[in-house]
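Remarks on the structure that follows.
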Amino acid sequence: MAEKMFAHQISERGLADVVRVTSAGTGGWHAGEPADRRTNQILRQHGYPTSHSAAQIDDDHLAADMVIAMGRNHARFLKEMGVPPERLRMMRSFDPRSGAFALDVEDPYYGSLTDFQDVFDVIDASLGGLHEWVDERLGSER
Numbered sequence: 001m002a003e004k005m006f007a008h009q010i011s012e013r014g015l016a017d018v019v020r021v022t023s024a025g026t027g028g029w030h031a032g033e034p035a036d037r038r039t040n041q042i043l044r045q046h047g048y049p050t051s052h053s054a055a056q057i058d059d060d061h062l063a064a065d066m067v068i069a070m071g072r073n074h075a076r077f078l079k080e081m082g083v084p085p086e087r088l089r090m091m092r093s094f095d096p097r098s099g100a101f102a103l104d105v106e107d108p109y110y111g112s113l114t115d116f117q118d119v120f121d122v123i124d125a126s127l128g129g130l131h132e133w134v135d136e137r138l139g140s141e142r
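Residue 32 in the UniProt record's numbering sits at position 32 of the sequence shown, with consecutive numbering throughout.
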């Protein structure tokens, strides 16, 4: 969900040629599958694209300028895979309200459509801060 939202926003800002947005799971359970139907339903309700094929994390993902984890277990896994702390952030750390909440973005997979909407809202609240990070990074490279 976060990948689709952020990639669409990056494209809308005209930055798709300089910012690449990808996503991957820590395991290969769903590799090659489309996004969950409930994810797609929520994305469509908010005007986002839904085309997706799940992937398992690989060296290309690990080498990204920024690797974003949705949960602390994912962050721990990514650290063990060699992502240095300066390139690893929790999604929710980009939310200006993050100090008031746990940093984990809950996995809605076993929940209801409402849980998927809640996750959408958490991601949406975090993306402004991620855009600020991108702007700072692009500004320092130009």
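The C-beta atom is built at its ideal place from N, Cα and C for all residues, glycine as well.
Computed from a predicted structure; not experimentally measured.
DSSP places Val67 in the strand class (E or B) of the three-state scheme. By the Cβ test, the region 34-41 is in contact with the region 105-125, since at least three Cβ pairs between them sit closer than 8 angstroms.
Counting along the chain, the unbroken beta strand (DSSP E) around Arg89 starts and ends at Leu88 to Met90. In the DSSP assignment, Val19 falls outside any alpha helix (DSSP H) and carries neither an H nor an E. Going by beta carbons, Val67 and Arg87 fall inside the 8 angstroms limit. When C-beta atoms of the region 41-54 are compared with those of the region 67-80, fewer than three pairs fall below 8 angstroms, so the two segments do not count as touching.
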